[in-house]
Each structure stands twice: as C-alpha cells, then as structure tokens.
Amino acid sequence: MIQTLSGGSITIDSQNIEFITNRPLSIEEYESRSKEIEDTVEAHLRLADWCLKNHLSSQRLEQMEKIIQLDPDHAKARAALGYSKRDGEWMTRDEVMRKNGYIKYKGRYVSSAELELLEKNQAELEAERKWIKKVKLWLIWLNGNDLLQQQEGLKNFQEVSDPHAVAALARLMGKHKHIAIRSLLVATLDQIPGNKPLRPLAELVLTDPIQTIRNSALEVLTKRDATGAIAFFIEGLKNKSNIIVKRAGQGLESIGDRSVVPDLISALTTSHTYRVRVPDTTSTYSYNTNGTFGGSGVVLPPDIEAGLLAGRYPNGVIVLPSQQPKVQMRTVSVKHLHQNEAVLLALQKITQQNFGYNERLWRLWWASTQNQTGLVPVIQ
Numbered sequence: 402m403i404q405t406l407s408g409g410s411i412t413i414d415s416q417n418i419e420f421i422t423n424r425p426l427s428i429e430e431y432e433s434r435s436k437e438i439e440d441t442v443e444a445h446l447r448l449a450d451w452c453l454k455n456h457l458s459s460q461r462l463e464q465m466e467k468i469i470q471l472d473p474d475h476a477k478a479r480a481a482l483g484y485s486k487r488d489g490e491w492m493t494r495d496e497v498m499r500k501n502g503y504i505k506y507k508g509r510y511v512s513s514a515e516l517e518l519l520e521k522n523q524a525e526l527e528a529e530r531k532w533i534k535k536v537k538l539w540l541i542w543l544n545g546n547d548l549l550q551q552q553e554g555l556k557n558f559q560e561v562s563d564p565h566a567v568a569a570l571a572r573l574m575g576k577h578k579h580i581a582i583r584s585l586l587v588a589t590l591d592q593i594p595g596n597k598p599l600r601p602l603a604e605l606v607l608t609d610p611i612q613t614i615r616n617s618a619l620e621v622l623t624k625r626d627a628t629g630a631i632a633f634f635i636e637g638l639k640n641k642s643n644i645i646v647k648r649a650g651q652g653l654e655s656i657g658d659r660s661v662v663p664d665l666i667s668a669l670t671t672s673h674t675y676r677v678r679v680p681d682t683t684s685t686y687s688y689n690t691n692g693t694f695g696g697s698g699v700v701l702p703p704d705i706e707a708g709l710l711a712g713r714y715p716n717g718v719i720v721l722p723s724q725q726p727k728v729q730m731r732t733v734s735v736k737h738l739h740q741n742e743a744v745l746l747a748l749q750k751i752t753q754q755n756f757g758y759n760e761r762l763w764r765l766w767w768a769s770t771q772n773q774t775g776l777v778p779v780i781q
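Per our numbering: the sequence shown = residues 402 to 781.
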C-alpha cells in the first residue's frame with residue numbers, strides 16, 4: 402500500500418515490486434515542486450531557498466545549476482556552486498588553481514614540479530641517480546678528442562629508452578652551451594615512452610634560445626599525447642617575459658586542447674615591465690659667486706674655485722661643456738601592454754572563431770558555448 406502526497410492510496414501486487422526504499426517526505430515534496438514550477442530564475446531561486454530551509458543541499462545545488470543556465474552571471478547561484486569571479490570570468494576553485502599552475506593531488510593543490518616529486522618513490526629516485534653518472538660520462542666522451550669514445554657515447558644516447566633517465570638527461574643537457582648537445586637531448590627524449598619527457602620538452606619549447614631546437618622539441622612533444630604538458634604552457638602564459646608568453650601560445654596551439662581557451666583569452670594582452678637606461682635630465686647646475694653649486698657633483702678647477710671664493714668673479718662663472726660631455730644615465734621601469742599574436746592565432750585555430758583582441762567578446766562567446774545557448778557575439 403502506497404500513500405500519496407495528495408492523500409490517496411495505491412495498492413500494488415507484491416510480485417510487481419522490485420525493491421522498497423525509504424526516504425524523507427521532503428524529497429518527495431521537492432520532486433513534486435520541481436516538476437511544477439515555471440522555468441524562470443525567480444521560481445528556481447524560491448525553490449532553492451525552500452531546499453535550504455529543509456536541509457536538501459544537493460537539491461538546492463541542482464536548482465542553482467538551473468539558474469545559471471538561465472542567467473550565467475547570477476552572483477548568488479555562482480557563489481553557491483563554488484564559483485568566484487577572476488578577471489571578469491566565473492571560475493571554480495579548481496579552475497582558479499589550475500590557471501595559477503597548480504594541480505590537485507590527494508586533496509591538496511601542488512605545483513607541477515612538486516607533483517613529480519610527490520609521485521616518485523625511493524626506488525625511482527635511486528634509479529634516476531644511477532643515470533646521472535652514466536650521462537655525465539657519456540657527455541665527457543662526446544666532448545673529448547677520442548673518436549672511438551665519441552662514437553660510443555653517441556651510440557649509448559641513441560639506445561636510451563628508460564623513463565628514469567629523463568631527469569638526468571634534462572638536468573645535464575637541457576641548458577648545455579653546445580647546440581648539438583641540446584639537439585641530441587630532443588632526439589633522446591623522443592625515444593623514451595610515457596609522460597616523463599613532457600616537462601623537459603616543454604621547457605625547451607619555452608626557453609631554448611635557438612628556434613630550431615624549440616621547433617624540434619615541439620614536434621616531438623605533439624607526436625605523443627601532450628595533454629600532460631598543458632599545465633607547463635599555461636604557466637608560460639603568465640610569465641614575466643613576453644617572449645615566453647608567445648612561445649606558450651604557440652605550444653598550446655600545437656596541442657590544440659579546447660580546455661585552454663579561457664587561459665588563452667586571459668593572455669591575449671599582457672603587461673610587462675622593462676628596465677631601460679635613459680639620459681638623466683633631472684639634475685640642474687648653478688654656480689654662485691661664493692663657489693657653491695647645487696647638486697651637481699661637478700668639481701670646478703682649483704684656480705677658478707679660489708677666484709670665486711676671493712671675489713674675483715662677482716658675476717659668477719659659466720662652465721662650458723667639453724666637446725664630448727659625459728651624459729649621466731639612470732635606470733627606469735617602463736610598462737608595456739603587448740597584444741600577443743601567437744595567443745590570438747592559437748585561439749583562432751582551436752575555436753575556429755576570431756574576435757581579435759577583444760577579450761570581452763571572446764568571453765561572451767565562450768560563456769555561450771558553455772551554456773549551450775549557441776549565441777555568437779556580434780562585433781559592432
């Protein structure tokens with residue numbers, strides 16, 4: 402016998418009953434209310450408040466989800482769902498931390514470098530240490546004058562396939578002064594399976610001064626599943642150097658993962674501070690009849706200074722500059738706002754859209770795709 406909310410009853414043969422479960426009457430009432438309300442922000446908000454009073458937390462969040470589908474910028478619903486507004490965009494805590502280069506690991510956020518250390522056990526660390534000795538020795542052979550040892554060292558590098566060798570290879574070869582050694586590093590990492598080569602390859606793409614090295618590292622990176630390298634390039638988008646920002650955009654374009662669109666939008670224009678040397682025009686010099694002068698640091702010839710002190714030059718003196726005067730310089734900080742073409746190209750390729758450097762239009766379009774409204778912003 403089932404008693405309904407309206408006061409009636411229904412009798413069902415026990416053979417037709419699959420299972421019986423008990424739950425609070427408030428949930429039954431919620432389901433009835435949710436089917437009957439109008440699909441408006443106000444109606445869903447009233448039901449969400451009713452859920453709060455009746456301690457139905459998951460059902461309240463369900464109503465908040467419906468609210469932001471109708472009004473993506475509804476502050477109360479966004480806050481209830483754990484969103485906060487950063488740079489004009491609603492993001493969850495996970496998205497905020499990811500944007501700042503952090504990854505969730507066992508309930509806490511860590512940097513990508515820290516994550517690698519946390520995931521390594523003692524056996525892995527020991528295996529990596531053994532590779533340091535080998536790589537050092539092979540590099541000595543390559544840089545020596547013995548042709549047979551050079552060939553042996555090169556052969557050894559060409560046979561490396563152990564992921565435990567990556568740390569030693571990156572540490573000893575990643576910043577090597579010889580281009581040939583860094584090129585050999587790229588080729589060696591290409592032979593090693595798994596995700597361990599992703600970090601050193603991404604670092605070469607972002608920081609190596611030689612374009613051919615950067616291009617070959619990016620080619621090797623994108624031949625495999627490079628989604629694990631996305632975090633490194635997102636970090637690059639926030640780098641103080643605009644050169645690194647542009648290279649990060651190129652890397653994300655090659656990977657082509659749609660999840661990075663908000664990060665790329667934020668990096669369309671970036672502000673960078675530069676320290677530059679400029680002529681110091683702040684000092685002025687005056688010479689008085691008593692031989693004093695203000696803030697110049699200039700020393701008068703002794704006989705002229707003595708004459709001034711003796712009163713022989715009642716009208717003062719004029720000090721003419723030499724033929725090649727020494728120009729005083731000072732260092733100043735200058736901020737410059739860059740429009741990052743590489744980032745824009747990445748957005749265009751990944752989204753097949755083009756709103757130029759108008760960050761607002763990009764965010765409006767992205768919000769429409771997330772809410773499946775299908776509305777495309779119109780450029781006025």
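Heads up, the beta-carbon is just placed ideally off N, CA and C, and yes, glycines get one too.
Per DSSP, reduced to three states, the secondary structure at V733 is strand.
DSSP places P663 in the uninterrupted alpha helix (DSSP H) bounded by V662 to S667. Q740 is bridged by DSSP to T670.
Secondary structure at Q404: strand, using DSSP grouped into helix, strand and coil. Between the region 614-621 and the region 633-645 there are fewer than three C-beta pairs closer than 8 angstroms, too few to call the two in contact.
At least 7 angstroms separates the beta-carbon of L471 from that of V511. With a threshold of 16 other beta carbon atoms within 10 Å, S562 falls short and is exposed.
When the Cα atoms are used, D547 and I541 turn out to be separated by approximately 10 angstroms.
Taking 7 angstroms as the cut-off, the Cβ atoms of I533 and A569 count as close. Taking Q464 as the centre and dropping the five residues before and after it, the same chain places the C-beta of S435, H445, L446, L448, A449 and C452 closer than 8 angstroms to its C-beta, in chain order. Our two residues, L543 and V587, have alpha carbons roughly 16 angstroms apart in a direct line.
Annotated three-state conformation of I614 is helix, per DSSP. In summary, K597 is buried, with 16 or more beta-carbon neighbours lying within 10 Å of its beta-carbon over all protein chains present.
In the three-state reduction of the DSSP assignment, P594 falls in the coil class. For the options I580, R572 and T628, the alpha carbon positioned closest to that of L599 is the one of T628. Nearest neighbour of K647 by Cα position, chosen from R678, V735 and A668, turns out to be A668.
Sequence-distant Cβ neighbours of I645 in its own chain, meaning closer than 8 angstroms and more than five residues away, are L607, T608 and G637.
A Cβ-Cβ contact shorter than 7 angstroms links R676 with S734.
Between D658 and V621 a beta carbon distance of about 17 angstroms is seen, past the 8 angstroms cut, so the two are scored as non-contacting. Residues G489, E490 and I666 of the same chain have their beta carbon placed closer than 7 angstroms to that of R764, with the five preceding and five following residues left out of the count.
In the DSSP assignment, V511 falls within the unbroken beta strand (DSSP E) covering R509 to S512.
For Y431, the three-state secondary structure derived from DSSP is helix.
K500 and Q753 have their C-alpha atoms some 23 angstroms from each other. By a beta-carbon distance limit of 8 angstroms, A480 does not contact I469. Their separation comes to about 11 angstroms. In the DSSP annotation of this structure, the continuous segment of the beta strand (DSSP E) that includes R487 starts and ends at Y484 to R487. Annotated three-state conformation of I438 is coil, per DSSP. In the DSSP assignment, E490 is bridged to R487. Judged by DSSP in its simplified three-state form, K576 adopts coil rather than helix or strand. Under the three-state reduction of DSSP output, V497 falls in the helix class. Distances from the alpha-carbon of S769 to those of P564, P473, H737 and A571 put P473 closest. A straight line joining the alpha-carbon of Y431 with that of V567 spans about 56 angstroms. Taking C-beta atoms as the reference points, G650 and N759 fail to come closer than 7 angstroms.
If you look at V728, you'll find it isn't in any alpha helix (DSSP H); DSSP assigns it neither H nor E. Around the CB of A581, fewer than 16 other CB atoms lie within 10 Å, so the residue is classed as exposed. Straight across, the Cα-Cα distance linking K750 with K624 is about 18 angstroms. Across the structure, A630 and E439 are spaced so that their CA atoms are roughly 46 angstroms apart.
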